[in-house]
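Undergrad: Numbering (the UniProt record's numbering), first residue to last: 1 to 68.
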Amino acid sequence: MTSAEENYRLLMEIQANRDFLLLAYRQNPELLRHAEPGVRLLFGLPEYEQEAGSLNPPFKTTPDSQRK
């Protein structure tokens, strides 16, 4: 398999995984409620639950720049 074919296959696998995760969020409102800000924005929700009027603070995640 050539490098281009491998890259294309990998992109298709990534898209399938992304679609699966978005479907899981769509089907589980509680999961979506605690999702990372970027995921919430994909669904047209406020970046943080507090902006929606909730008293629950959002889960804190490690920024990508600090992950190893």
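For glycine and all other residues, C-beta sits at the position ideal for the given N, C-alpha and C.
1. Can you tell me whether M1 is helix, strand or coil according to DSSP?
2. Taking the straight line between their C-alpha atoms, what separation do you get for L21 and Q15?
3. Assuming R33 and E49 are in contact, meaning their beta carbons sit under 8 Å apart, how far apart are those beta carbons, in whole angstroms?
TA: According to the structure data:
1. Secondary structure of M1 (DSSP, three-state): coil.
2. Using only the alpha carbons, I get a separation of about 10 Å.
3. About 6 Å separates the beta carbons of R33 and E49, which is inside the 8 Å limit, making them a contact pair.
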